[in-house]
Amino acid sequence: MTDVDAVVVGAGPTGLMLAGELGRAGLRTLVLERRPSPSQAAKAGGLAGQILQLLHYRGELDRFREASTSASQPAARFPFGGLHLDFTRFADPPMHVMLLPQPRLEALLAERAAECGVDVRRGHDVVGLAQHDGSVTVEVRGREGSYEVAARFLVGCDGGRSRVRELSGIPFPGTAFPEIERLASVTVPDSVTVLDDGSLDVRDVGVIPFGYTATERGVFACSGSGDTMGVYTAEVEVTEYDDDVPMTVAELSASVSRVLGLDLPLGEPRRMTRFGYSAKQADAYRDRRVFLAGDAAHLFPSGGVAINAGMLDAANLGWKLAGSVQGWAPPGLLDTYSDERRAAAERTLLHTRAQVALRRGHGPAGDALRTLFAELTTDEQPLLRLGALMAGTDTGAPRSAGHPLVGAFATDRALHVDHEDPRLAGLLHQARPVLLDLADRADLRDLAGEWGGRVGVVSAAIDDPPADALLILPDARIAWAAAIDEPGATAASALREALTTWCGAPTVGVTS
Numbered sequence: 034m035t036d037v038d039a040v041v042v043g044a045g046p047t048g049l050m051l052a053g054e055l056g057r058a059g060l061r062t063l064v065l066e067r068r069p070s071p072s073q074a075a076k077a078g079g080l081a082g083q084i085l086q087l088l089h090y091r092g093e094l095d096r097f098r099e100a101s102t103s104a105s106q107p108a109a110r111f112p113f114g115g116l117h118l119d120f121t122r123f124a125d126p127p128m129h130v131m132l133l134p135q136p137r138l139e140a141l142l143a144e145r146a147a148e149c150g151v152d153v154r155r156g157h158d159v160v161g162l163a164q165h166d167g168s169v170t171v172e173v174r175g176r177e178g179s180y181e182v183a184a185r186f187l188v189g190c191d192g193g194r195s196r197v198r199e200l201s202g203i204p205f206p207g208t209a210f211p212e213i214e215r216l217a218s219v220t221v222p223d224s225v226t227v228l229d230d231g232s233l234d235v236r237d238v239g240v241i242p243f244g245y246t247a248t249e250r251g252v253f254a255c256s257g258s259g260d261t262m263g264v265y266t267a268e269v270e271v272t273e274y275d276d277d278v279p280m281t282v283a284e285l286s287a288s289v290s291r292v293l294g295l296d297l298p299l300g301e302p303r304r305m306t307r308f309g310y311s312a313k314q315a316d317a318y319r320d321r322r323v324f325l326a327g328d329a330a331h332l333f334p335s336g337g338v339a340i341n342a343g344m345l346d347a348a349n350l351g352w353k354l355a356g357s358v359q360g361w362a363p364p365g366l367l368d369t370y371s372d373e374r375r376a377a378a379e380r381t382l383l384h385t386r387a388q389v390a391l392r393r394g395h396g397p398a399g400d401a402l403r404t405l406f407a408e409l410t411t412d413e414q415p416l417l418r419l420g421a422l423m424a425g426t427d428t429g430a431p432r433s434a435g436h437p438l439v440g441a442f443a444t445d446r447a448l449h450v451d452h453e454d455p456r457l458a459g460l461l462h463q464a465r466p467v468l469l470d471l472a473d474r475a476d477l478r479d480l481a482g483e484w485g486g487r488v489g490v491v492s493a494a495i496d497d498p499p500a501d502a503l504l505i506l507p508d509a510r511i512a513w514a515a516a517i518d519e520p521g522a523t524a525a526s527a528l529r530e531a532l533t534t535w536c537g538a539p540t541v542g543v544t545s
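Numbering-wise (this note's numbering), the sequence shown opens with residue 34 and increments by one.
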């Protein structure tokens with residue numbers, strides 16, 4: 034007997050996203066968070082990348098947009114290793130962003146989990162674990178003493194210093210960079226004028242250009258828009274900062290002075306955060322009944338990607354754990370989580386490590402590298418490739434020998450539809466695989482029906498469809514595709530194989 038089906042350790046975006054996925058599937062889920070109350074530090078400023086597409090398919094994007102701090106979608110321009118990539122030329126940019134400070138995001142995800150019956154306990158610290166044949170026992174130090182919980186599965190979503198990873202003995206190799214990054218949004222003081230291109234005209238100093246400036250002492254960046262200016266510094270420091278101690282305007286001002294060699298007037302803070310960068314990945318994302326996700330599994334040396342990667346980890350793992358608990362998961366389904374998400378993290382590590390080289394280079398060689406890279410990004414194809422890497426849609430997944438979409442995410446671009454096409458809102462709202470019929474293929478719909486409520490069936494008519502039908506998994510990856518006008522016999526055979534691989538045996542004729 035177990036107390037719950039799953040214990041999730043960590044109430045950050047990854048853990049709360051996973052808890053909501055598990056709760057939606059009907060699993061008894063417990064979240065343990067060592068902090069006594071939600072952090073109010075805006076470590077991340079919003080959502081970006083493929084997770085926005087997934088929330089659209091879940092039918093939940095409007096809920097997050099209503100809590101956004103921006104009435105409109107920001108322009109598609111993103112920092113990349115000391116440069117800015119401009120995707121505004123594309124009608125459908127490969128990378129989108131929603132401004133949503135992390136405390137608001139976590140509050141929304143916590144509400145979502147609670148609506149699904151998830152128990153979130155704050156001030157409860159995991160101090161030990163033991164694995165058994167059919168369960169894992171978790172030792173917890175809570176507000177009122179110590180206790181144990183027995184669960185079918187345990188998932189560590191407890192950050193870069195993961196206690197779950199440590200207790201499981203999973204190595205976490207990589208590099209910790211000796212830099213402290215500081216990022217802030219402040220009001221514009223009277224002595225600063227924001228120019229049309231985002232540069233800052235500072236009284237008695239002159240114009241500080243928009244974008245990044247690399248010096249021998251570190252990296253500085255600034256931008257201005259309306260009554261707000263953004264300031265960023267990165268410098269090598271030996272000081273260790275407590276995450277619970279907030280950064281101050283005075284601390285930021287001193288860092289700017291050290292890096293840039295001048296005093297920059299700063300207004301009132303709106304968002305301030307301090308962090309370090311590492312490039313690490315766990316040797317394994319799974320040890321029998323223990324799994325890792327989010328920062329517990331990988332750390333990236335650049336901003337704007339960690340939440341997207343962690344929440345996509347959760348979407349990938351959630352339905353597979355549900356299938357195992359509910360008894361229909363085919364052999365090896367749980368192992369695909371580690372295979373797929375480790376490969377995705379490798380791609381993210383590739384481009385974020387490249388950003389380290391770009392932003393840390395100074396002098397003529399560093400300037401030349403950034404100039405050449407900027408020239409390459411004026412071409413459409415390199416820019417699209419970089420956008421897919423940043424969005425997390427380029428996962429390095431091997432392409433099938435059959436249809437080219439198999440293994441890819443079902444993005445707007447892949448489906449040949451407009452951004453946030455309303456016909457696809459809620460496509461994956463039940464977090465189960467869906468057969469998307471784009472050519473009125475009754476033969477394929479009938480076949481998918483053999484899996485009963487385990488597989489959804491949705492029909493849609495779109496111009497220039499990329500395939501007759503697609504099998505889309507709950508994390509929005511495409512598991513199978515029928516080519517345009519593919520004969521019924523070959524399409525049905527391949528679909529049956531894909532359904533059996535991902536959804537187990539059919540339910541037709543099976544009684545419970």
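All C-beta atoms in this analysis are idealised placements derived from N, C-alpha and C, irrespective of residue type, glycine included.
Express the C-alpha separation of residue j and residue i in angstroms, rounding to a whole number.
i, j, result
"G263", "T121", "20 Å"
"D260", "A254", "17 Å"
"L555", "A515", "Coverage of the chain is limited to positions 34 through 545, which leaves residue 555 absent and any answer about it impossible."
"L532", "L438", "16 Å"
"H462", "R68", "31 Å"
"R446", "P126", "9 Å"
"P455", "D95", "12 Å"
"G486", "A74", "42 Å"
"L345", "A283", "37 Å"
"S70", "R154", "10 Å"
"F26", "L49", "Nothing about residue 26 can be read from this structure; the chain reaches only from 34 to 545."
"T381", "T369", "18 Å"
"G45", "G489", "30 Å"
"R403", "A100", "36 Å"
Buried or exposed: which applies to residue i, given that a residue is buried once 16 or more other Cβ atoms fall within 10 Å of its Cβ?
i, result
"A390", "exposed"
"M34", "exposed"
"R176", "exposed"
"V37", "buried"
"T47", "buried"
"E373", "buried"
"S218", "buried"
"E519", "buried"
"Q414", "exposed"
"A475", "exposed"
"G396", "exposed"
"Y66", "Contrary to the premise, residue 66 reads as Glu rather than Tyr in this sequence. It counts as buried."
"G56", "buried"
"T62", "buried"
"S179", "exposed"
What residue range is occupied by the uninterrupted alpha helix (DSSP H) comprising residue i?
i, result
"C190", "No alpha helix (DSSP H) holds C190; DSSP gives it neither H nor E."
"Y90", "Q83 to R91"
For the beta strand (DSSP E) that contains residue i, what are its first and last residues?
i, result
"M305", "P302 to F308"
"K353", "Element bounds for K353: not the beta strand (DSSP E) but the alpha helix (DSSP H), A339 to Q359."
"G43", "It is not in any beta strand (DSSP E) - G43 carries neither H nor E in the DSSP assignment."
"Q255", "Note that residue 255 is Cys in the sequence shown here, rather than Gln. Its beta strand (DSSP E) spans residues G251 to S258."
"P112", "R110 to F113"
"W535", "Looking at the DSSP string, W535 is not in any beta strand (DSSP E); the run it does join, the alpha helix (DSSP H), is G521 to C536."
"V240", "G239 to I241"
"E273", "From DSSP, E273 is part of no beta strand (DSSP E); its letter is neither H nor E."
"A387", "From DSSP, A387 is part of no beta strand (DSSP E) but of the alpha helix (DSSP H) over L366 to R393."
Between the options, which lies nearest to residue i when the distance is taken from Cα to Cα?
i, options, result
"V271", "L405, E214, L480 and S335", "E214"
"S371", "G537, D119 and A347", "A347"
"G435", "D296, A124, I517 and L480", "I517"
"A330", "A342, H157 and L419", "A342"
"V42", "D125, E144 and V173", "V173"
"P222", "H452, V235 and V182", "V235"
"L19", "D125, L142, P126 and P127", "This structure leaves residue 19 out entirely; the chain is present only between 34 and 545."
"G231", "E212, D237, S258 and V252", "S258"
"V151", "D454, L60 and F308", "L60"
"F308", "G92, G193 and R418", "G193"
"V411", "M50, A39, E54 and L118", "In the sequence on display, residue 411 carries Thr and not Val. Selected option, being the one with the closest Cα: L118."
"E212", "R392, M128 and T281", "R392"
"G114", "E453, A512, G399 and V491", "G399"
"V159", "A493, M305, G300 and S195", "S195"
"G53", "L88, S72, G79 and A77", "L88"
"L549", "L49, A77, Q359 and P498", "Here the chain has residues from 34 to 545 only, and residue 549 is not among them."
"S492", "L51, A472, D237 and P499", "A472"
Under the criterion of a Cβ to heavy atom distance below 6 Å, does residue i qualify as lining the ligand MG?
i, result
"G263", "In the structure shown, the ligand MG is absent, as is every other ligand, since no ligand is present at all."
Using a C-beta cutoff of 7 Å, does residue i count as contacting chain C?
i, result
"T246", "The structure shown has no chain C; it contains just one protein chain."
The region 308-323 in contact with the region 235-253 per 3-pair CB rule at 8 Å: Look at the beta carbons and you see the region 308-323 not touching the region 235-253: under three pairs across the two are nearer than 8 Å.
Take every Cβ of the region 345-365, pair it with every Cβ of the region 401-408, and state whether three or more of those distances are shorter than 8 Å. no
Contact between the region 193-213 and the region 83-102 (3+ Cβ pairs under 8 Å): no
The region 283-300 in contact with the region 191-206 per 3-pair CB rule at 8 Å: no
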